[in-house]
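A short write-up of the structure that comes next.
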Amino acid sequence: MTNLDGLAKSSTNALAGAVSKLSNIFTALVLLVFLINPHLLEYLPEYSLAVLMIFTGWKMIVGLTHVAEHGQYPLILALFCGILVFKIGIFEGLLTVLLLHGGISYTIYKHENLPFFKILRKFLGKFSDPGHPHDSATMLVTPDEETGGLRYSSVSEAPADKKNLQQFIDDWALGVNNRNLSTVVSTYDYNGLLWGTFAKELREGHSNIRKYFEHLFELDGLSVRIESGQVRQYGNIFIQSGKYVFAYDRKDGRVEIPARYSFVCKKEKTGWYIVEHHSSQFPS
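Per the working numbering, numbering of the sequence shown is gapless, rising by one per residue and ending at 456.
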C-alpha cells in the first residue's frame, strides 16, 4: 500500500481502514495544507500528537513479533535498527543498518568465492520479488546461470505455517476473546468474504471485515467458544464446519448465542488465511 517513507503514516492509514495507495495521496494533501499554512499547527493540541505517536510507536514495536518468525538474525537486526532510529534518527538509523546488513551479506557471499557482480545481483535481489511461473507454496524456482536451466528448491516454512488448521482457528477465537482487532482481521485473506453471525450483509475485504468486528467488539464481555468442528480438504483448500457459541453481557445477565460456522481456509508460505467465513445463529 505504502509509497511513502514513513512507517507511522502507513500504520495509521491501515488502522483507519485504508486499503489502497489513494490513502497516501490523502496523507500527502493533508501535509501540503500544513506546509502552505504552517500557522495551523498552533491549533493542534500537543497531547493529541503525543497520544498518536505513542500508540503508533507501540504498534511498530509489537510488529517485531512478525520479524521474530523469520529467525534470530532479522530480530537482532530489527532491534538494533530501532535503537539507532531512537538515538540518531530514522534516516541515519535505517541507512546504518542497511550498510551493516550489506557488509554481512557481502562477507558471506565472498566466503563462497562468488564474483563481485554476482554478489551485487544477489543483494539487489533481496529488494525484489520477481517470482517464477513455476513457483508453488512448497517449491521455489530460480534460473541456474551455469547450466541455463532451472533450479528447484524447497521453500522453508515460517513457524506460523507449522500450525494445523485447528490451531489457526483457535488463534482466530483468541483474537476475538481478547478484542484484538488487528489479529482477527489479519487471519482473513485480503479479499476474503465474511457473513458474520450478527451481520445483515456479506462483507468483502479487510476494510469491511474490520468494520464488522469493530461493531461486534462493542458488546460487553464478548467471547466465543468453539465446541465442535469437522475438516474437509480439497487440494490446498481446507474447510472446517461446526458449532461455536458467542456470549456477551446484557443488563439482564449473560447471553449465549449458539451458531453454526464454516471456515474456508488456504495455506500459503506465510501461514493460514480465511478465504470465506459463514456463520449464522441456530433457528429458535
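We treat Cβ as the ideally placed atom computed from N, Cα and C, and that holds for glycine.
For residue j and residue i, believed in contact at Cβ under 8 Å, the rounded distance
{"i": "LEU374", "j": "LEU365", "result": "6 Å"}
{"i": "LEU251", "j": "GLY265", "result": "Actually they are not in contact, since the Cβ atoms of LEU251 and GLY265 sit about 12 Å apart, beyond 8 Å."}
{"i": "GLY414", "j": "ILE398", "result": "7 Å"}
{"i": "ASP361", "j": "ILE280", "result": "35 Å between Cβ atoms; not a contact."}
{"i": "PHE288", "j": "SER277", "result": "Actually they are not in contact, since the Cβ atoms of PHE288 and SER277 sit about 13 Å apart, beyond 8 Å."}
{"i": "ALA345", "j": "VAL396", "result": "5 Å"}
{"i": "HIS273", "j": "LEU249", "result": "6 Å"}
Range covered by the beta strand (DSSP E) that runs through residue i
{"i": "HIS211", "result": "Note, HIS211: premise wrong, no beta strand (DSSP E); not H, not E."}
{"i": "PRO430", "result": "425 to 440"}
{"i": "ASN363", "result": "360 to 367"}
{"i": "ASP392", "result": "From DSSP, ASP392 is part of no beta strand (DSSP E); its letter is neither H nor E."}
{"i": "GLU218", "result": "Premise fails: GLU218 lies in the alpha helix (DSSP H), 218 to 234, not in any beta strand (DSSP E)."}
{"i": "ALA419", "result": "409 to 422"}
{"i": "GLY321", "result": "Unbroken run through GLY321: none, as it is neither H nor E."}
{"i": "LEU443", "result": "Per the sequence shown, residue 443 should be read as Gly rather than Leu. That run of the beta strand (DSSP E) goes 443 to 453."}
Residue i, buried or exposed, once every other Cβ within 10 Å from all chains shown has been counted against 16
{"i": "GLU448", "result": "buried"}
{"i": "LEU203", "result": "exposed"}
{"i": "ASN336", "result": "exposed"}
{"i": "TYR219", "result": "exposed"}
{"i": "LYS372", "result": "exposed"}
{"i": "ILE341", "result": "buried"}
{"i": "GLY347", "result": "buried"}
{"i": "ASN408", "result": "exposed"}
{"i": "TYR433", "result": "buried"}
{"i": "SER192", "result": "exposed"}
{"i": "ALA190", "result": "buried"}
{"i": "ASN363", "result": "exposed"}
{"i": "SER195", "result": "buried"}
{"i": "ASN349", "result": "exposed"}
Span of the alpha helix (DSSP H), counted from its first residue to its last, around residue i
{"i": "GLY274", "result": "262 to 283"}
{"i": "GLY347", "result": "337 to 349"}
Beta-carbon proximity list for residue i, same chain, < 6 Å, skipping 5 on both sides
{"i": "ILE411", "result": "ARG404, VAL436"}
{"i": "PHE389", "result": "ARG351"}
Residues of its chain near residue i, where Cβ-Cβ distance is below 8 Å and the 5 sequence neighbours each way are ignored
{"i": "VAL357", "result": "HIS378, ILE381, ARG382, PHE385"}
{"i": "ALA431", "result": "THR369, LYS415, TYR416, VAL417, PHE418, SER451, SER452, GLN453, PHE454"}
{"i": "LYS438", "result": "ASP361, ASN408, ILE409, PHE410, TRP444, TYR445, VAL447"}
{"i": "PHE206", "result": "LEU212, LEU213"}
| message | Using a Cβ distance threshold of 8 Å, determine whether the region 405 to 425 contacts the region 221 to 229, with at least three qualifying pairs required. | response | Judged by pairs of C-beta atoms under 8 Å, the region 405 to 425 does not touch the region 221 to 229, as fewer than three such pairs exist.
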